[in-house]
Amino acid sequence: MEIRLDHIVKTFDTTKAVNDVSLEIREGELFFLLGPSGCGKTTCLRIIAGFYQPDAGRLMFGDSLMNGVPPHKRNTGMVFQNYALWPHMTVSENIEYGLVLRKVDKGTREKRVAEALAMVQMPDYGDRPVNKLSGGQQQRIALARALVIEPSVLLLDEPLSNLDAQLRLEMRHEIKQIHSRSQTTAVYVTHDQSEALSLADRMAIMKDGEIVQVGTPREIYRCPANAFVASFVGETNFISGKIRSISNGSAEIETPIGILHSTSVYHDFAAGEDTICSIRPEAINSAEKIPPTAPNQHHARVIDATYLGRVEEFQLSISDDARIKAVFHNPGTNDKQMSDTLRFWIRPEDVTPLPAHNSHPRTG
Ligand code: ATP
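Each residue of the sequence shown is one higher than the one before, counting from -11 in this note's numbering.
Structure below.
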């Protein structure tokens, strides 16, 4: 089922929780609403579920207007942060409950409960009391319970945030598998950017009740709309500068550390305009093996180094007031000492000039 939010507004007292949000969520998509606490993502989800009515704007499921339709008539399945399972019931009874409410006959109920248990890969757990399950198993049963009613739309509100770090990683994979088996249009709310990057087909980044950018994880990470998105989704370094020249998606930027060359210009800039260059820590490469003529070569002083085996993280000082973070992969055996000078380079495609003031990207 395709979902469309058309200029949706929701105000609580004086807080504009959702401020003129328009979005199209495609049929079968696993779509994320991602943003910091209080940005309005749960309110959006609750409007889609029907728990809140919007003050203005239209909510469409396919060709049907959903404004005013009560939650139980929307055919949505919901998975909550705290699972919201009934502790006095068995796994099967929990899953079956929505079908009983819908007056589905007993034979069909048994078949669909078995299918739902198979979908979450817990076929033998039907008779277990839910309070005898681990957190991850409970979350899988919550998913089975939401999916058994064959919802047109699956809504997930921070479904993994009660699990420990390791289980969260495992459940990400489970959710992706379960979603691809069910093919249900799903809207997933989180403030965890790595969860969104690893799972989303597409995502909307929200801030202060508004959508700042919509795109695939790769588009959002590689072509952020502005400095807020660049720093909220992943880590980044910002270096302020001024556009010296620009043509065909390439630019030269004057910065306090010298000229930076970029071939990743996704915004309309004019020569002379202020900009902020976003450079990811993993895009800063040790320059030991590159040709001396390569662009974007700079020197820095090591002010902190953390060896982590797979990677080594550095805090580098480029000038008195410019510090950057670098992550080198597959670090060698030589320790870098504090105050060592290190030569590094950045590929021009990894220098992304962003508007010094908020605006929207030309592409991405
Ligand atoms: P979190 O990640 O912390 O859950 P969120 O992005 O989901 O945050 P919302 O819960 O949608 O944000 O809240 C958006 C804004 O609306 C916040 O400022 C919040 O305090 C306010 N708000 C949400 N629900 C209500 C309510 N029922 N009454 C009053 N204010 C509310």
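All C-beta atoms, glycine included, are put in the ideal place defined by N, C-alpha and C.
Fair warning: this is a prediction, and the values are worked out from it, not measured in the lab.
The alpha helix (DSSP H) runs of length 4 or more contained entirely in the stretch 45 to 109 are, from start to end of the chain, 79 to 89, 94 to 107. With contacts defined as CB atoms closer than 8 Å, Ser140 and Thr96 fail to qualify as a contacting pair. Spanning the alpha carbons of Asp1 and Gly28 requires a straight line of approximately 14 Å.
Distances between the C-beta of Ala5 and the heavy atoms of the ligand ATP include at least one below 7 Å.
Within the same chain, and ignoring the five residues on either side of Ser252 in sequence, the residues whose Cβ sits closer than 6 Å to its Cβ are Glu337, Thr340. Tyr254 has its alpha-carbon roughly 12 Å from the corresponding atom of Ile234. Annotation for His76 indicates a beta carbon at 7 Å or more from all heavy atoms of the ligand ATP. Annotation for Tyr209: no beta strand (DSSP E) segment contains it, though the alpha helix (DSSP H) segment containing it runs 205 to 210.
Nearest to Ile247 by C-alpha distance, out of Asn236, Asp256, Thr263, is Thr263. A straight line joining the alpha-carbon of Asp180 with that of Ile231 spans about 33 Å. Distances taken from the Cβ of Cys265 to the heavy atoms of the ligand ATP include none shorter than 7 Å. DSSP, read as helix, strand or coil, puts Glu138 in coil. Taken through DSSP and simplified to helix, strand or coil, Gly124 comes out as helix. Contact between Ser168 and Ile245 fails: their C-beta atoms lie close to 45 Å from each other, not under 8 Å. For Gln126, the CB contacts under 8 Å within the same chain, skipping 5 residues up- and downstream, are Tyr71, Leu73, Val118 in chain order.
Taking 7 Å as the cut-off, the C-beta of Asp43 does not count as close to any heavy atom of the ligand ATP.
Judged by pairs of C-beta atoms under 8 Å, the stretch 190 to 201 touches the stretch 4 to 17, as three or more such pairs exist.
DSSP links Val253 through a beta bridge to no other residue.
DSSP lists Phe20, Leu144 as the bridge partner or partners of Tyr176. The closest heavy atom of the ligand ATP lies 7 Å or more from the beta carbon of Gly38. Annotation: Leu18 to Ala184 spans about 10 Å, alpha carbon to alpha carbon.
At the C-beta level, Glu146 and Gln41 stay beyond 8 Å of one another. The closest CA to that of Val299, considering only Gly38, Val108, Val315, is found on Val315.
Looking at the backbone, the Cα of Ser238 and that of Ile334 are separated by about 15 Å. Taking each of Ala134, Asp256, Ser80 in turn and checking the Cα distance to Ala344, the smallest one comes out for Asp256.
If you look at Ser186, you'll find it in the alpha helix (DSSP H) that goes 181 to 187.
Where Glu301 is concerned, the enclosing beta strand (DSSP E) starts and stops at 299 to 307.
Here the alpha carbon of Cys211 sits roughly 20 Å from the alpha carbon of Glu12. For the set His161, Ala104, Leu144, Arg331, the Cα lying nearest the Cα of Leu135 is the one of Ala104.
From the listed residues Ala130, Met191, Ser182, Arg160, the smallest Cα separation to Val175 is found for Met191. One Cα belongs to Leu155, the other to Gly124, and the distance between them is close to 7 Å.
Of Gln165, Ser219, Ala259, Pro283, the smallest CA-CA separation from Pro269 is found for Ser219.
Rounded to whole angstroms, Ile227 and Met66 show a C-alpha spacing of 43 Å. In the displayed model, Met194 falls within a strand according to three-state DSSP. DSSP, read as helix, strand or coil, puts Thr31 in helix. Exclusion of Cys211 from the 7 Å shell around the ligand ATP follows from its C-beta lying no nearer than that to any non-hydrogen atom of the ligand.
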